Structures are given as structure tokens and as C-alpha cells.
Amino acid sequence: LPTEAQWEFACRAGTTTRFWTGDDALGLRQAEWNEDPDGREPHLVGQRAANPFGLHDLLGNLAELVQDTWGPNPAAELRGEVDIDPLGTPGYSTQRVVRGGWWGSASLGNRSAGRSRMTTNLPQSYIGFRLALPIDGVRRGVGEAPGLNAALRPHRELAEWVLSLPEPRRVEFSYHVSSATRVDEIPPWDIEVSAVTIGAGEHLTDDDFLRFASIRTLRKLSISSATGRFPKITDRGIENLAKSPVQHSLVELRFQGWLDNVSDAAVASLNRLSPLHVCEFPAAVTDAGWRQLDLPELKSLSIEGAPLGDIGCAHLANLPVLRVLVAARTPITSTGLQSLASSPTLEVVDVHGCPHLTSEDVLQFRVARPRCQVVSDLPPAADLNWHGWPADAPSPAIAPFTAEQAAVSQSAWAAYLQVPVEFTNSLGMKFRLIPPGEFQMGSTIHQLTDSVSLSREPGEWQAHLVAEMPQHRVILTRPFFLAVHETTQAQYRQIMNDNPSLFVPAEPGADGSPPISPNHPVESVAWLQAAEFCEKLSRQESLSPRYQVVQDQFSLDEAGVGYRLATEAEWEFACRAGTTTKYWVGD
Numbered sequence: 015l016p017t018e019a020q021w022e023f024a025c026r027a028g029t030t031t032r033f034w035t036g037d038d039a040l041g042l043r044q045a046e047w048n049e050d051p052d053g054r055e056p057h058l059v060g061q062r063a064a065n066p067f068g069l070h071d072l073l074g075n076l077a078e079l080v081q082d083t084w085g086p087n088p089a090a091e092l093r094g095e096v097d098i099d100p101l102g103t104p105g106y107s108t109q110r111v112v113r114g115g116w117w118g119s120a121s122l123g124n125r126s127a128g129r130s131r132m133t134t135n136l137p138q139s140y141i142g143f144r145l146a147l148p149i150d151g152v153r154r155g156v157g158e159a160p161g162l163n164a165a166l167r168p169h170r171e172l173a174e175w176v177l178s179l180p181e182p183r184r185v186e187f188s189y190h191v192s193s194a195t196r197v198d199e200i201p202p203w204d205i206e207v208s209a210v211t212i213g214a215g216e217h218l219t220d221d222d223f224l225r226f227a228s229i230r231t232l233r234k235l236s237i238s239s240a241t242g243r244f245p246k247i248t249d250r251g252i253e254n255l256a257k258s259p260v261q262h263s264l265v266e267l268r269f270q271g272w273l274d275n276v277s278d279a280a281v282a283s284l285n286r287l288s289p290l291h292v293c294e295f296p297a298a299v300t301d302a303g304w305r306q307l308d309l310p311e312l313k314s315l316s317i318e319g320a321p322l323g324d325i326g327c328a329h330l331a332n333l334p335v336l337r338v339l340v341a342a343r344t345p346i347t348s349t350g351l352q353s354l355a356s357s358p359t360l361e362v363v364d365v366h367g368c369p370h371l372t373s374e375d376v377l378q379f380r381v382a383r384p385r386c387q388v389v390s391d392l393p394p395a396a397d398l399n400w401h402g403w404p405a406d407a408p409s410p411a412i413a414p415f416t417a418e419q420a421a422v423s424q425s426a427w428a429a430y431l432q433v434p435v436e437f438t439n440s441l442g443m444k445f446r447l448i449p450p451g452e453f454q455m456g457s458t459i460h461q462l463t464d465s466v467s468l469s470r471e472p473g474e475w476q477a478h479l480v481a482e483m484p485q486h487r488v489i490l491t492r493p494f495f496l497a498v499h500e501t502t503q504a505q506y507r508q509i510m511n512d513n514p515s516l517f518v519p520a521e522p523g524a525d526g527s528p529p530i531s532p533n534h535p536v537e538s539v540a541w542l543q544a545a546e547f548c549e550k551l552s553r554q555e556s557l558s559p560r561y562q563v564v565q566d567q568f569s570l571d572e573a574g575v576g577y578r579l580a581t582e583a584e585w586e587f588a589c590r591a592g593t594t595t596k597y598w599v600g601d
């Protein structure tokens with residue numbers, strides 16, 4: 015199980031508000047199940063919006079067990095000090111922390127800082143759990159997954175396969191020049207192709223882009239090369255693409271390799287692709303070309319290795335909605351980087367491998383734009399060392415941060431740790447990488463006063479509210495994986511050969527309520543049962559267990575790399591997902 019700190023970090027996901035959706039309870043409807051009008055029973059997992067870390071059902075559906083033992087005020091003795099990798103309050107072994115609201119709770123119970131408790135061996139029908147997994151556990155569990163082509167390649171010619179599809183004909187397919195499937199096999203009839211992935215792009219020529227004249231609905235085009243280069247594509251090829259009907263539909267264009275023979279002239283063709291949101295275009299385009307770039311909807315631009323200079327940086331800083339700029343291995347200087355700092359929209363800048371930048375340049379940028387994440391391989395300045403991580407490690411996820419920054423942080427840490435952002439285990443459980451970071455855990459005095467005044471339940475419930483104080487800074491130094499969904503009844507039965515849930519699969523109710531299915535979350539699980547589930551699943555996947563349960567006696571092996579619950583801090587960090595509001599959706 016996650017610790018309480020891990021849970022809150024994941025829940026907040028960079029937010030600082032009451033909920034990860036914000037401070038307004040009205041914004042919760044996109045993310046929560048609660049008493050009105052849904053308060054009759056649990057719901058299928060994954061039906062509400064995911065938070066910025068990609069996690070579902072952190073607000074409502076079931077309250078969730080975490081690893082920590084209960085303490086009435088876990089930070090009361092901190093007196094403003096930082097809490098690093100907290101594991102809960104010692105000495106309270108008979109009760110465990112529960113985080114998140116449930117299907118019958120008011121919105122007040124779904125705040126990112128909300129916490130309660132349960133007796134270790136006493137199950138409740140409104141409490142379930144989601145799993146956490148250490149990085150080493152994922153490394154050992156990742157196997158060779160079949161590629162998209164291997165899984166979906168049709169047995170007939172592409173044209174025959176497309177024509178066999180039911181109406182309306184929408185297809186996402188992969189085309190490899192070296193295979194028998196060719197672009198000219200796409201029939202010119204009324205089909206909709208939303209995304210095309212082209213492999214072996216080193217063989218592409220300018221004339222191949224004329225084939226897109228029959229595709230009027232293409233939104234995403236990704237071209238890769240086994241050699242990392244596209245020697246046969248010139249400015250004319252980009253022009254051919256921009257003249258095709260895709261100029262009105264294409265929102266994502268990625269060349270995953272160096273465009274050897276593309277020059278400044280290609281920028282005029284790119285400008286014709288006015289709907290573009292994402293563009294990966296590593297080419298020898300100079301500042302003279304970048305000064306002409308005019309894509310009003312462009313949010314992400316990757317030009318790694320391009321001869322980008324200070325003048326080009328000044329122009330890119332003025333693009334109206336640009337959020338992500340990958341300018342790695344470019345010759346920009348401190349002047350260019352400071353020009354980028356003037357952009358009001360940039361949230362991520364990647365400048366690793368830039369030979370003319372120094373650690374001090376990066377520090378100045380961070381001071382000027384503290385909310386913008388900088389990806390750099392430079393050794394940190396003296397005051398930027400972060401808890402023993404090597405100098406080439408990505409920046410930690412320090413709240414507050416946005417959904418886009420959360421995604422970039424997950425990708426950067428996944429690449430650094432050589433693990434996927436999302437991992438699927440033998441039961442089909444999906445896990446998302448939660449990067450290390452910092453956040454404010456718990457409630458402020460203002461949020462606490464507001465919550466107490468709204469509470470309709472005196473006594474123990476208000477005592478739980480008080481236990482959220484004081485709000486304090488928490489640092490999570492270790493990345494981890496957290497389940498995207500709460501553990502389902504089917505998954506629990508597969509490991510434990512039992513389903514303790516009060517709400518079990520059945521036909522629709524007489525009142526028309528939807529039926530309970532095996533994909534509803536398992537509830538009525540005692541903390542020790544959840545720990546035993548973690549142990550058995552770990553052994554099934556040949557992972558050394560983190561937990562051991564023998565005759566209702568629990569032991570913890572810190573060296574184990576198997577499944578566990580998140581800590582309370584991990585849970586809240588993941589729930590908040592960079593937000594600082596009452597809920598991750600807002601206040």
C-alpha cells in the first residue's frame with residue numbers, strides 16, 4: 015500500500031487547493047462519486063476524470079487504505095520543519111490511515127487533505143485500496159510487449175482490410191515502407207484515417223508525401239527512422255505535405271530523426287499547417303527560418319539539434335500558446351535562455367546538451383520563471399542539490415505544477431530510470447509513475463476553519479479534520495508507481511480466491527440502478543487482507559514481498575520490491591497532482 019504522504023502527493027498531483035480539481039466543489043463532478051446523486055453503491059472504476067498524474071477515483075467511489083499507522087496529528091511535533099519520506103506515527107499499530115472520500119460521502123470528505131482511520135482487522139463496505147509498486151519491482155516485471163503492428167497487422171492487403179470495417183470507417187494504422195503495406199494501397203473512398211505511424215522513414219522521398227492527398231481527416235502523423243535520419247526528404251517533401259488536405263486537420267506532426275536536407279524554406283510550408291498543436295521538427299533551420307514561424311495553435315515544439323540562436327529564441331518566446339520547447343543540443347546562450355524566460359506561456363524548457371549554457375544560466379532562468387520546469391544535464395548550482403540524486407537526474411516535481419508539467423516530469427523520470435510511464439502487470443492492473451517531489455501536506459488554517467463550519471457531523475469527524483493540521487512541507491525522495499484504479503473485485507478474487515464485497519455482481523436493480531460487475535472496486539477488505547493480497551500477488555510475479563502476513567501478524571521488509579500500499583504522503587501527493595486547492599479540480 016502507499017504511505018499517507020505518497021497517497022496525498024499522488025492525489026494532489028502538484029495542486030495546493032482543497033481538491034485536486036481546485037477549491038470549488040462544483041468542479042468535483044468531473045472527478046468524484048459522492049452522496050448526491052450517486053450515493054447508493056460503488057461504481058465501475060475509471061468512469062470519472064483522471065487527475066494530472068493519470069489516476070482515477072481518488073475523489074470518491076471508495077475511501078482507500080494506505081500503509082501508515084494512524085496518529086491524531088502526524089506533524090504536530092515538526093514545528094515547521096520539513097518531513098522527508100514520512101511513514102506515519104509510531105505507536106498506533108492497531109489503527110491505519112484511510113484517505114479519500116467514498117460513494118456516500120459529502121464533497122467535504124473528498125478534499126485532497128481529508129483523512130480518517132480504521133481498525134486494522136475491521137473491514138468496511140466503503141473502504142477499498144489501490145496498490146503501489148517500487149521502481150525495481152517494475153523493472154523486473156516489464157517484459158516484451160507485442161508491438162502495435164504485431165498485435166494489429168491485418169492478414170489481408172490494407173485496402174481490403176479497411177473496406178471490411180463497419181461504417182463509419184475510422185482507422186489508426188501503422189505503415190512501413192519496407193513491408194508489403196504501402197501508402198498507395200490506401201483506397202481513395204470515404205474513409206477516415208485519424209493517425210498514421212510510418213516506420214523505416216529513412217526510405218521516404220518527397221513524392222511519398224503526395225500520397226496524403228486522399229486523406230482528409232488525418233490528425234496525427236508520426237515518422238520514425240531506424241537510422242535516426244531522413245536523407246531523402248527535402249523542403250519539397252514538406253511542401254507536398256502542406257499542400258495536401260491535411261493542412262486543415264493535422265494537429266500533431268513528428269519527425270523522429272534528423273531531417274538532413276530541410277532548410278529555412280520549410281518553415282513557410284509548416285505555417286500552412288495552421289491547426290498544429292505539436293511539432294517535432296529536428297532540422298538545420300536557422301534563426302532566419304524560426305523568425306518566420308507562425309503557428310497560432312502551437313503548444314509543443316521540439317527542434318533538438320537545430321542551429322537555434324538568441325534571435326530565434328526571442329521569436330519563439332512570443333508564440334502565443336507555446337507551453338513546451340525542446341531545444342536540446344542547440345547553440346543557444348544565456349541571452350537566448352533569458353529571452354525564453356520572458357514567455358508568459360512556457361511551462362517546460364529542455365536545454366540538455368546545450369554547450370554554451372552554464373549552471374548559473376539555468377539558475378537565473380529558474381529564479382525568473384520558478385513555475386517553468388527546466389530539463390538540463392548541467393550540474394546543479396550549489397543551492398539546488400536535491401537529496402543525493404546525481405547531477406543528471408531530472409528536476410523533482412515541486413508543487414504547484416500544472417497537468418502539462420506533471421506529464422513532462424513523468425516522462426523525464428521514466429526515461430532517466432529506464433522504465434515506462436505506465437506499466438501493466440499480470441492481472442491487467444495499470445500503474446503510473448509518480449516522480450519524486452515536494453508539496454504542502456494537510457490543510458491550512460483557513461481550509462480547516464471552512465471545512466469545520468461546513469461539517470454536519472460533530473465529534474469524531476471534526477477530530478479527523480483537526481488531524482489535518484498543521485500544513486507542512488513534505489519531500490518524497492523516491493519515485494514509485496501507483497495503480498491507476500482501485501483494486502477490482504475480479505482482481506482480488508483472482509489472487510485471494512474470495513470476494514468479501516458487500517456489493518457483488520448482480521442484475522440491474524428494480525429502481526433501474528446499474529448492475530455491480532467484477533470491475534467494480536473490491537470493498538469490505540480489512541487492512542491485513544489488503545497486505546496479504548500484496549504479498550500473494552508479489553509472490554505470483556516472483557517479486558520479493560514487501561509485506562508478510564502470518565496468522566494476523568504483519569511484518570514489513572523494506573528490502574522487498576513487491577506490491578504495497580502507498581504511504582499517506584505518497585497518496586496525497588499523487589492525489590493533489592501539483593494542485594494546492596481543496597480538491598485537485600479546484601476549491
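Using the working numbering, read the sequence shown as starting at 15 and increasing by one per residue. We put the CB at the ideal spot given by N, CA and C, even for glycine. Source: prediction; values computed, not measured.
{"query": "Same chain, Cβ closer than 7 Å to Thr133, neighbours up to 5 away in sequence not counted", "result": "Thr108 and Gln109"}
{"query": "Assumed close pair Ser539, Ser558 - CB separation to whole angstroms, cut-off 8 Å", "result": "According to the sequence shown, residue 539 is Val rather than Ser. No, Val539 and Ser558 are not in contact; Cβ-Cβ is about 23 Å, not under 8 Å."}
{"query": "CA-to-CA distance, Thr416 to Ser552, given in whole angstroms", "result": "34 Å"}
{"query": "From Leu218, Gln261 and Lys234, residue whose alpha carbon lies closest to that of Thr241", "result": "Leu218"}
{"query": "Inter-stretch contact at 8 Å, needing at least 3 Cβ pairs: the stretch 483-491 / the stretch 500-515", "result": "no"}
{"query": "Where Thr30 sits in the DSSP three-state scheme", "result": "strand"}
{"query": "Straight-line gap, Glu549 to Glu582 (C-alpha atoms, nearest Å)", "result": "20 Å"}
{"query": "Which of helix, strand or coil DSSP assigns to Ala77", "result": "strand"}
{"query": "Rounded straight-line distance, which links the Cα of Glu537 to that of Leu516", "result": "7 Å"}
{"query": "Of the residues Ile530, Gly442, Pro334 and Asp301, the one placed nearest Pro321, counting alpha carbons only", "result": "Asp301"}
{"query": "Reduced DSSP category for Phe535 - H, G, I as helix; E, B as strand; rest coil", "result": "At residue 535 the sequence reads Pro, which differs from the Phe that was named. Strand."}
{"query": "Closest residue to Ser531 among Val518, Gln543, Gln505 and His329 (Cα-Cα distance)", "result": "Val518"}
{"query": "Outcome for Ser440 when other beta-carbon atoms lying within 10 angstroms are tallied against a minimum of 16", "result": "exposed"}
{"query": "Rounded straight-line distance, which links the Cα of Ile247 to that of Ser283", "result": "14 Å"}
{"query": "Proximal residues to Tyr430 (C-beta, below 8 Å), its chain only, five neighbours per side dropped", "result": "Asp406, Ala407 and Pro408"}
{"query": "Buried or exposed (CB count within 10 angstroms, at least 16 for buried), Ala19", "result": "buried"}
{"query": "Segments assigned beta strand (DSSP E), at least 3 residues, entirely inside the stretch 436-465", "result": "436-438, 444-448 and 451-455"}
{"query": "Residue nearest to Glu78 in terms of C-alpha spacing, selected from Leu255, Leu579, Ser316 and Ala63", "result": "Leu579"}
{"query": "Leu360 classed as buried or exposed, judged by whether at least 16 other C-beta atoms fall within 10 angstroms", "result": "buried"}
{"query": "Integer Cβ distance of Gln270 from Ser236, believed to fall under 8 Å", "result": "7 Å"}
{"query": "Buried/exposed call for Arg62, threshold 16 Cβ in 10 Å", "result": "buried"}
{"query": "Unbroken alpha helix (DSSP H) run spanning Ala407, endpoints", "result": "Where Ala407 is concerned, there is no enclosing alpha helix (DSSP H), given that its DSSP letter is neither H nor E."}
{"query": "DSSP three-state assignment for Gly303, whether helix, strand or coil", "result": "helix"}
{"query": "Beta-carbon spacing of Asp82, Pro66 below 9 Å", "result": "no"}
{"query": "Cβ-based burial, Gly442 [other Cβ within 10 Å; buried from 16]", "result": "exposed"}
{"query": "Rounded straight-line distance, which links the Cα of Gly142 to that of Pro149", "result": "This sequence places Ile at residue 149; Pro is not what is there. For Ile149 and Gly142, the distance between alpha carbons rounds to 23 Å."}
{"query": "Ile200, buried or exposed, once every other Cβ within 10 Å from all chains shown has been counted against 16", "result": "For Ile200, the predicted structure reports a pLDDT of 43, less than 50, and the residue's modelled location is therefore unreliable. A value from the coordinates is still provided. Ile200 comes out buried."}
{"query": "Touch test, the stretch 558-573 against the stretch 583-598, Cβ-Cβ under 8 Å, three pairs minimum", "result": "no"}
{"query": "Sheet register partners of His262 (DSSP bridge)", "result": "The partner list for His262 (beta bridge, DSSP) is empty, contrary to what the question assumes."}
{"query": "Test item: CB-CB of Ala280 and Glu253 under 9 Å", "result": "yes"}
{"query": "Buried/exposed call for Val335, threshold 16 Cβ in 10 Å", "result": "exposed"}
{"query": "Assumed close pair Arg113, Arg129 - CB separation to whole angstroms, cut-off 8 Å", "result": "6 Å"}
{"query": "Local Cβ density within 10 Å of Gln454, reported as buried at 16 or more and exposed below that", "result": "buried"}
{"query": "Residues sharing a beta bridge with Lys246, DSSP", "result": "Answer by DSSP bridge pairing: none, since Lys246 is not bridged."}
{"query": "Asp82 in three-state terms, based on DSSP", "result": "strand"}
{"query": "Which residues DSSP lists as bridging Tyr561, in chain order", "result": "Leu570"}
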